[in-house]
Amino acid sequence: MGLLSFVHLFGVEKAALAVAFGVMALKDPAITVRGQRLAKGAIAAGLAYLLVLTGVFLYHMPALNTLAAKLGN
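So for the sequence shown, the working numbering puts the first residue at 5; every next one is plus one.
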């Protein structure tokens, strides 16, 4: 996890870790009700961030393609 602090992918790696750790926490049979709520919140927040980032990327894809074509010339 310390190595991921040096990787910057617009927070995707942190959102994916939140989802992964939330799922792992929900599989624990000794989890408390508060822990379940926190795990579900982490999963929801991580998925929401990934969906928003995907939407923004897809919205700006035409402009990014135009920019890449101009830079390629």
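All C-beta atoms in this analysis are idealised placements derived from N, C-alpha and C, irrespective of residue type, glycine included.
Note that this is a predicted model, so its numbers are computed, not measured.
Looking at the unbroken alpha helix (DSSP H) that takes in residue i, where does it start and where does it end?
i, result
"isoleucine 47", "37-63"
"glycine 26", "16-31"
What I want to know is whether the C-beta of residue i ends up closer than 7 Å to one or more non-hydrogen atoms of the ligand SAM.
i, result
"valine 27", "As far as ligands go, the structure on display features none, and thus does not contain the ligand SAM."
Since residue i contacts residue j with CB under 8 Å, what's their CB separation in whole angstroms?
i, j, result
"alanine 52", "glycine 26", "Wrong, their Cβ atoms sit about 12 Å apart, outside the cutoff."
"valine 16", "leucine 54", "7 Å"
"alanine 20", "alanine 46", "Alanine 20 to alanine 46, Cβ: 11 Å. No contact."
"phenylalanine 14", "leucine 57", "6 Å"
Is there contact here, the region 24-44 with the region 55-66, by at least three beta-carbon pairs under 8 Å? no
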